[in-house]
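Since the structure comes first, as structure tokens, the remarks are kept for the end.
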Amino acid sequence: MTKPFLAAGILVMTLAAEPASAQQSQPAEGQPPASQTQTEKGKELIGLPVFSSDGQKLGKVTEVGVVPGGQQAIRAEIGEFLGTGTTPVVIVPGIFQKKTDRIEVAMTAAEVRDSVSKQREKRDKK
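Everything in the sequence shown is counted per this note's numbering, starting at 19 for the first residue and increasing by one.
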């Protein structure tokens with residue numbers, strides 16, 4: 019039941035032209051803007067490898083942004099089958115988890131590849 023939702027969530031913005039946008043909000047007095055705080059926290063994620071739930075390396079984090087609601091989303095370059103290039107994907111909050119030395123998505127490598135392929139087909143039909 020949750021697998022189709024996860025597949026839709028992870029790649030809802032596959033091949034998006036724009037990075038995850040920062041949310042604009044009024045900071046509390048004496049506090050930095052929320053987007054600035056998220057950006058500083060997000061810098062530590064850039065360059066981390068992205069792994070599937072079954073332990074396969076998928077790619078690496080290239081950018082971090084904030085989606086409406088103030089949660090972090092990450093953009094990653096996901097490697098193509100047989101090393102024929104990469105595909106940029108935006109991984110939405112709730113689908114990934116930061117581990118000590120990597121990011122792990124809540125999908126198997128096969129599910130990620132399938133979802134990327136379906137999104138690419140939808141894009142190409144337009």
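We treat Cβ as the ideally placed atom computed from N, Cα and C, and that holds for glycine.
Check	Outcome
With C-beta atoms as the reference, is Ile-92 less than 8 angstroms away from Val-130?	no
Which residue marks the beginning of the beta strand (DSSP E) containing Arg-93, and which one marks its end?	89-97
Can Leu-76 and Val-68 be called in contact, C-beta distance under 8 angstroms?	yes
Enumerate in chain order the residues of its own chain whose CB-to-CB distance from Ser-70 is below 7 angstroms, with the five nearest sequence positions on each side excluded.	Leu-76, Val-123, Met-125, Thr-126, Ala-127 and Val-130
Just how far apart, CA to CA, sit Arg-120 and Val-79?	9 angstroms
Identify whether Gly-77 lies in helix, strand or coil by the three-state DSSP scheme.	strand
Using DSSP bridges, identify the partner residues of Gln-115.	Glu-122
Is Gly-83 helix, strand or coil by DSSP?	strand
Where does Val-110 sit, in a helix, a strand or coil, going by DSSP?	coil
Between which residues of its own chain and Thr-104 is the CB-CB distance below 7 angstroms, once the five residues before and five after are set aside?	Gly-77, Glu-95, Ile-96, Gly-97 and Glu-98
Would you mind sorting Gln-115 into buried or exposed? The rule is 16 or more other CB atoms within 10 Å of its CB.	exposed
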